[in-house]
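J.:
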Amino acid sequence: MSRIGVFVCHCGTNISATVDCPGVAETLSHVPGVVHSVDYKYMCSDPGQTMIKDAIKEHKLDGVVVSACSPHMHEPTFRRACAEAGLNPYLCEMANLREHCSWVHDKEEATTVKAIDLVRKMVEKVKKNQPLYSIKVPVTKTALVLGGGIAGIQAALDIANAGHKVVMVERDPSIGGHMSQLSETFPTLDCSQCILTPRMVEVAQHPNITLHTYSELESLEGFIGNFKVKIRKKARCVDEKLCTGCGLCSQKCPTKKNLSEFNEGLGYRPAIYSPFPQAVPNKPVIDKTQCTFFLKGKCKVCEKVCPTKAIRYDQEDQILDIDIGAIVLATGFKVLQPDFFPEYGYGKYKDVIQGLQFERLASASGPTSGEMKRPSDGKEPETVVFVACAGSRDEAKGLPYCSKICCMYTAKHAMLYKHKVHHGNAYVFYMDIRSGGKMYDEFVRRAIEEDGVKYIRGRVSTIYEEDGKLIVKGADTLLGHQTVEIKADMVVLASAAVANDGAEELAQKLHVSYDPYHFFAEAHPKLRPVETNTAGIFLAGACQAPRDIPETVSQASGAASKVAALFSQSELTREPIIAVVNRTAPPLHSTCTGCALCVPACPYQAIEMEDIKNRDGKVVKRAAKINPGLCQGCGTCVALCRVKAIDLQGFSNEQIFAELMAL
Amino acid sequence: MTKIAYYPGCSLLGSSREYDESLRAIAGPMGFELLQVPDWNCCGASSAHSLNHELSLALPARILALSETLGVDEMLVPCAACYSRLVTAHHDLAESAETRDRIIEIIGMPYQGTVKPLNILEFLERHADSFKDKVSKPFEKDVACYYGCLLVRPPKITKFDRPEDPRTMDNLVELTGATALDWDFKVECCGASHSISKTDLVGKLSSKIVGNAVKKGAQAIVVACPMCHSNLDMRRTFINRAAGRNYTIPVIYITQAIGLAMGLSEKALGFPRHIVKVKFPEKAKVKAEVKPAVAAAAAAPAPAAQSEQTEEA
Chain A
7 MSRIGVFVCH
17 CGTNISATVD
27 CPGVAETLSH
37 VPGVVHSVDY
47 KYMCSDPGQT
57 MIKDAIKEHK
67 LDGVVVSACS
77 PHMHEPTFRR
87 ACAEAGLNPY
97 LCEMANLREH
107 CSWVHDKEEA
117 TTVKAIDLVR
127 KMVEKVKKNQ
137 PLYSIKVPVT
147 KTALVLGGGI
157 AGIQAALDIA
167 NAGHKVVMVE
177 RDPSIGGHMS
187 QLSETFPTLD
197 CSQCILTPRM
207 VEVAQHPNIT
217 LHTYSELESL
227 EGFIGNFKVK
237 IRKKARCVDE
247 KLCTGCGLCS
257 QKCPTKKNLS
267 EFNEGLGYRP
277 AIYSPFPQAV
287 PNKPVIDKTQ
297 CTFFLKGKCK
307 VCEKVCPTKA
317 IRYDQEDQIL
327 DIDIGAIVLA
337 TGFKVLQPDF
347 FPEYGYGKYK
357 DVIQGLQFER
367 LASASGPTSG
377 EMKRPSDGKE
387 PETVVFVACA
397 GSRDEAKGLP
407 YCSKICCMYT
417 AKHAMLYKHK
427 VHHGNAYVFY
437 MDIRSGGKMY
447 DEFVRRAIEE
457 DGVKYIRGRV
467 STIYEEDGKL
477 IVKGADTLLG
487 HQTVEIKADM
497 VVLASAAVAN
507 DGAEELAQKL
517 HVSYDPYHFF
527 AEAHPKLRPV
537 ETNTAGIFLA
547 GACQAPRDIP
557 ETVSQASGAA
567 SKVAALFSQS
577 ELTREPIIAV
587 VNRTAPPLHS
597 TCTGCALCVP
607 ACPYQAIEME
617 DIKNRDGKVV
627 KRAAKINPGL
637 CQGCGTCVAL
647 CRVKAIDLQG
657 FSNEQIFAEL
667 MAL
Chain B
27 MTKIAYYPGC
37 SLLGSSREYD
47 ESLRAIAGPM
57 GFELLQVPDW
67 NCCGASSAHS
77 LNHELSLALP
87 ARILALSETL
97 GVDEMLVPCA
107 ACYSRLVTAH
117 HDLAESAETR
127 DRIIEIIGMP
137 YQGTVKPLNI
147 LEFLERHADS
157 FKDKVSKPFE
167 KDVACYYGCL
177 LVRPPKITKF
187 DRPEDPRTMD
197 NLVELTGATA
207 LDWDFKVECC
217 GASHSISKTD
227 LVGKLSSKIV
237 GNAVKKGAQA
247 IVVACPMCHS
257 NLDMRRTFIN
267 RAAGRNYTIP
277 VIYITQAIGL
287 AMGLSEKALG
297 FPRHIVKVKF
307 PEKAKVKAEV
317 KPAVAAAAAA
327 PAPAAQSEQT
337 EEA
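Just so you know, the sequences run in chain order A and B. Terminal number for the first sequence in the working numbering: 669, no gaps in between. Terminal number for the second sequence in the working numbering: 339, no gaps in between.
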C-alpha cells in the first residue's frame, strides 16, 4: 500500500477564495493510500516546504502530491524539497488548482468538487510513479560558428575570450560578410570597414579560434554537448601555408572580366582573387568556372608568377571531421534579387540599383573609389530617387514582413549622396518611417532637415526610361494621392532582406525550425530569443530575421554567453522525461517487433534500430533503441508504436490511464 | 475537333466583330469547335459590379451554369472584361459555400463550378502547338504587345502570368515570326470605359501607350482585349489630338496576327473593320535599344515567376 502525502496550498487567496482548501485536504485524507493530508497558506514558502520535508520523514511517505499552482511555476521547487528529504524527486507531482480551477471558476460547490478530482487523479498517478534519475551527458567544449559576418565574428570572439575553443566556418573566401561591403554605418556615419577589419584580424589571430573559409557544413550528427560535424573545405587551388598573399597572381591573371561578388556586380575581378584588399585570410582562391586553365586546359600564368609556388590546380575538396559541443548559426541574409520588380526595371536599366550596390558606389574602396558615378555612363547623377519597401511589407510580392533596416539605410544613402553631390536632388518614397533605436529618429530628421532630402509618402508604381531619364511614377498620399512623376538619373531600391541561399537545407540538416520565409526560428520569441528548439544550437544575427548591426552584435554576444554557460559545466544534466523501449527477459527480449515505423517519425532523429544478441553473439531480435541524449520526450513514437513497446518515462500509459480512471 | 465552350460577350458581336471573325478563322485550323453558350447573358462588366455585388456574381454565374450543359470543362472568353467577371465569379463561388448557395438561389439553376473560364492568352498558350506548325507566312514584324489591366489582375484570382510584366503574349507572337519589343507600357491604363464619359482623358492616357510603342520602333500594337482595341484604334483622333502627333500605327488582335501568319486573308480576319487602316510601317532602320541592359544584373539568374502565382498555386 502506498504512503502518499497531500499538501493543499491556498496560494494566499488565489485558490482559497473559490476553493474550500481545508475541505479538499479533509476529503483527500480518506482516499486509500493517502496517509497524510494538510492545507497551508503558502506551500512554496520556506515553512511550507519544511512542512513537506518533515512529513516525508515522519510519515515515511513514498509519494507526494502538492495541490497548488502550475507545475511550470513551482514543480522544481517542490521536487527539490522532496529530494532534500530523501525522496526521489520524480515521486512528487503537482495538481494545478490555481490555473486549472480557482482562477477560471466562481466560488461554488462544483469548484471544490473539481479541485478534489484534480488532486485525486494525481494521487492515482503518483501511485504508479517510478523513481527516475536525471541523465548526465559529457560536453565537448568546442563551439562551431557557422558564418563569418559580424554576427559570427562577435560570437566567436566572445566564446574564444571566455576560454573555449571555436571553429569558424565561412562559405566565402573571406570573413566579413555584408558589413564589409558597407560604406558608412548609421546613425554615426563611421566607416564600416574601419570598425570591422580589426575584429576580422582578431579572429584570424586568436589562439582559440580555428578559421575555415571557403568551407561549408556537410553534415551534422549527435546532440547537445556531443555533436559530430563534417566540414567541406572547398579547394582553393592555393596552398594556404605557402601563400603570402602578395597578390601577384591576381595582378597577372589574364581573365579579369568576371563580375565581382563583393562589388555586387558593379566591378570586375580576376579568376584568381581575394574578394577585397582587407580580406581575412588574405589568400586568393581560383574560381574554377572562370579560370582559363580549368576551362581550356592551358594558361597557368598564376603558377608561373607565384614566388612561393603555392598554386595547386589539382587540390581537391577536403572533408574535416570535428567534435563540437554547441553551434552558433550566424549565416546572415541576402537582399532580394532583380526580377522581383519587373515594374521597377531592375536588371533592365543599369541605373536602377539595389541598396548594397549603392553601398559599393559610395564606398571609398568601391568601383568608383567613392565618387558618385552612375553605372550606365559614369556621369554624376543630378536626381536620385530612393524607393523604400521595395518588396518588403508587400503581401502581393509574398513578403508581408518589414525588413527593418531599410528605413535607416535609405536615410543614410540619401544623406551620403547629398554629402557628395551638394546640388543634387534626393527623393525618398516611403510607406512609414520606422526609426526606432538610439539616435535613429534624430538621424532621419537630420537627413530631412539639414541635408534637404525630400521625403514623399507613397509608393512607386512603375519606373521606365524616356529620353535617357528614368521616369519614376508614384503617388503622394499626403497630398490626396496626387500622382508624382520624377525624372531621375539613378534609382536605388531598398530591396527586401530575405533568407540567405541554402537556409532551408541548412535548417533541415541541423533540425532547426524555420519560418515561412526560411528565417531560422527561435525557441521563444520573447524569453528564448537566441536559442533554437534544438538543444545546443543558438542563433545570431540576420539569419533569424532582418536586423541591423547593433542588434546583431548584441544578439551574437547573447548567443555566445549561452554557449559559455553550457561549457561552464563538465557534464550536462537532463530531465529523464524521455521515451524508452521496454526490455523484457527472454524469450521475448522486448515487445518491440522491429517494424521501425518510429524511426522516421521521430522529429529529433533519436531512434535507431539495434540488434539484440544472445550470449553466443547470435542476433535474436532487432528492436528500436532510443538515444537518451537526443530524445526530447515529445511522445510521438509512443503514440505511433503499434505494439505499445515504447513508454514515456514519467508519463507512461499506465500513469495516464490511472489518472483517467480516477475521474 | 476538340470542343470548347465559347462566350463571345457583347463586344465580339458589336464593336469588335473582327475579333470574333479572326478567332473563328483560326479556331478551325487549330482543331477547335467553338460551342457558343446557349441563351447567354451580359457578363455584368463595369456596371454591375459597381452597383450590386450579388448581381455582379449572379450574371456571370448564370453563364457558367449554362456552359456546364455543354459537357466541356473549359470555356474560352476572348473579351478581357468578360473574362475578369467570369473568373472572379468562378473563384468567389469556389471559395465560399455560402456565396455559392445564395447565387444558386438567385439564378435558379444548378451550378457545379466544373467549367473553367480561359482568357485568349491562356487558351493560345495551352494550344500553341496546334498553330505553331501552321505558320506559312511568318508575321515578321516588330510588335509591342499590350496586355491592359484585366488579363493579369487581380493576381490572386487570375493566377496567370506576372502581373507587372506579363510575357505570355510576347512568347505567342514570337511563334508567329514576329519580334516582341521590350517596351514600357505593357500593362498601363488605357482609360477603359471612360472612353464614353471622358474621351479626352482616354485620349491622353492612350496617347502615352501608342507614343511609347512608336518610339520603341513598333510596326504594330498587338492586343487581346476589345476595350484596349477600341481605345487605341477607335479613339485615335483623340490620341493624336492629345499627343499633337499623327500616329498611324495599326492595332491588331493576337488572333489576327496568328491568322496572318497562317496565311489567311485580311478580309477573313476582319481588317477592313478597323478605324486605323492596317498598313504596317517600314521596319525602323536603327532599331531601338531593346536588349536588356547587362552590367548591373548580368549575374542575375533567369527570371522566375513572380511570387503571386507561386504562392497561390
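C-beta: ideal position from N, C-alpha, C; glycine also. Since we're looking at a predicted model, the values are computed, not measured.
Under a CB-based cut-off of 8 Å, is residue 181 of chain B close to chain A?
T.: Yes, residue 181 of chain B lies at the interface with chain A (some Cβ there is under 8 Å from its Cβ).
J.: Does any residue of chain A bring its CB to less than 8 Å from the CB of residue 190 of chain B?
T.: So, interface residue.
J.: When DSSP builds the beta bridges, which residues end up paired with residue 145 of chain B?
T.: Answer is B:103.
J.: Bridge partners for residue 43 of chain A per DSSP, in chain order?
T.: Answer is A:12.
J.: Measure the alpha-carbon distance for residue 429 of chain A versus residue 388 of chain A and round it to whole angstroms.
T.: Approximately 7 Å, taken between the alpha carbons.
J.: Which partner residues does residue 360 of chain A have in the DSSP bridge list?
T.: Paired residue(s): A:499.
J.: Using CA atoms only, rank isn't needed, just tell me which of B:258, B:67 and B:148 is closest to residue 217 of chain B.
T.: Ranking the options by Cα distance to residue 217 of chain B, first place goes to B:258.
J.: Between the Cα of residue 178 of chain A and the Cα atoms of A:268, A:229, A:62 and A:100, which residue gives the shortest distance?
T.: Checking every option, the nearest Cα to that of residue 178 of chain A belongs to A:268.
J.: Anything in chain A within Cβ reach of residue 226 of chain B, meaning under 9 Å, just list it in chain order.
T.: In chain order: nothing, as chain A lies at least about 17 Å away.
J.: Per DSSP, which residues does residue 248 of chain B bridge with? Please list them.
T.: According to DSSP, which records beta bridges pairwise, residue 248 of chain B is partnered with B:171 and B:278.
J.: Straight-line CA distance for residue 121 of chain A to residue 76 of chain A?
T.: Each residue's alpha carbon lies about 13 Å from the other.
J.: Exposed or buried, residue 510 of chain A, counting other C-beta atoms within 10 Å across all chains shown (16 or more means buried)?
T.: The residue is exposed, with fewer than 16 neighbouring Cβ atoms inside 10 Å.
J.: Between A:595, A:101 and A:115, which has its C-alpha nearest residue 125 of chain A's C-alpha?
T.: Of the listed residues, the one whose Cα sits closest to residue 125 of chain A is A:101.
J.: At what residue ranges does the segment 583 to 634 of chain A contain a whole run of the alpha helix (DSSP H), taking only runs of 4 or more?
T.: Entirely contained in the segment 583 to 634 of chain A, the alpha helix (DSSP H) runs reaching 4 residues are, in chain order, 604 to 607.
J.: At the level of alpha carbons, what is the spacing between residue 33 of chain B and residue 427 of chain A?
T.: Going from the Cα of residue 33 of chain B to the Cα of residue 427 of chain A covers about 59 Å.
J.: With burial defined as no fewer than 16 other Cβ atoms inside 10 Å of the residue's Cβ, what is the status of residue 36 of chain A: buried or exposed?
T.: Residue 36 of chain A comes out exposed.
J.: How would you list, in chain order, the residues of chain A whose beta-carbon sits under 8 Å from the beta-carbon of residue 187 of chain B?
T.: Residues of chain A passing the Cβ test: none, with the nearest at roughly 11 Å.
J.: Consider the Cβ of residue 470 of chain A: report whether some Cβ of chain B lies at a distance smaller than 8 Å.
T.: Output row for residue 470 of chain A: interface = yes.
J.: Taking only three categories from DSSP, how would you classify residue 428 of chain A?
T.: If DSSP states are grouped into helix, strand and coil, residue 428 of chain A belongs with coil.
J.: So what's residue 85 of chain B in DSSP terms, helix, strand or just coil?
T.: Looking at residue 85 of chain B - three-state DSSP - the assignment turns out to be helix.
J.: Please list the partners that residue 348 of chain A has in chain B, where partner means a Cβ-to-Cβ separation under 7 Å.
T.: The contacting residues are 188, 190 and 191.
J.: Have a look at residue 48 of chain B and residue 187 of chain B and give me their C-alpha separation to the nearest angstrom.
T.: Roughly 24 Å separates the two Cα atoms.
J.: Please report how far the alpha carbon of residue 316 of chain B lies from the alpha carbon of residue 287 of chain A, in whole angstroms.
T.: With a pLDDT of 47 at residue 316 of chain B, under the threshold of 50, the modelled position of this residue cannot be trusted, and the question is left open.
J.: Mapping the DSSP letters down to three states, classify residue 62 of chain B as helix, strand or coil.
T.: Residue state, collapsed to three classes: strand.
J.: Leaving out five residues on either side along the sequence, give the residues of the same chain with a beta carbon under 7 Å from the beta carbon of residue 342 of chain A.
T.: Cβ within range, chain order: 397, 501, 502 and 504.
J.: Going along chain E, which residues have a C-beta under 7 Å from residue 316 of chain A?
T.: In the displayed structure, chain E is absent; the protein chains listed are A and B.
J.: Using a cut-off of 9 Å between C-beta atoms, extract the partners of residue 168 of chain B located in chain A.
T.: What residue 168 of chain B touches in chain A: nothing, since even the nearest Cβ is about 18 Å away.
J.: If I'm right that residue 56 of chain B touches residue 156 of chain B with Cβ under 8 Å, what's the distance once you round it to whole angstroms?
T.: That belief holds up - the Cβ atoms of residue 56 of chain B and residue 156 of chain B are roughly 4 Å apart, short of 8 Å.
J.: Check whether the Cβ atoms of residue 165 of chain B and residue 294 of chain B sit closer than 8 Å, and answer yes or no.
T.: In this structure, residue 294 of chain B does not lie closer than 8 Å to residue 165 of chain B by Cβ.
J.: For residue 104 of chain B, count the other beta carbons within 10 Å of its own beta carbon; 16 or more makes it buried, fewer makes it exposed. Which is it?
T.: Classification for residue 104 of chain B: buried.
J.: Count the C-beta pairs between the segment 132 to 143 of chain B and the segment 92 to 106 of chain B that are closer than 8 Å, then say yes if the count reaches three, no if not.
T.: Touching, yes.
J.: Are the CB atoms of residue 675 of chain A and residue 237 of chain A nearer to each other than 8 Å?
T.: The structure shown does not extend to residue 675 of chain A, since chain A spans only 7 to 669, so no value can be given for it.
J.: Under 8 Å, Cβ to Cβ, is there at least one residue of chain B near residue 8 of chain A?
T.: Closer than 8 Å: no.
J.: Would residue 339 of chain A and residue 548 of chain A be called neighbours here (beta carbons separated by less than 8 Å)?
T.: Yes; because the gap between Cβ atoms is below 8 Å, this pair is in contact.
J.: Should residue 143 of chain A and residue 578 of chain A be called a contact, given that it needs their Cβ atoms to be closer than 8 Å?
T.: Yes, these two residues count as a Cβ contact at 8 Å.
J.: Residue 196 of chain B versus chain A: which residues are under 9 Å apart at the beta carbon?
T.: Within 9 Å Cβ-Cβ: nothing; residue 196 of chain B doesn't reach chain A, min ~12 Å.
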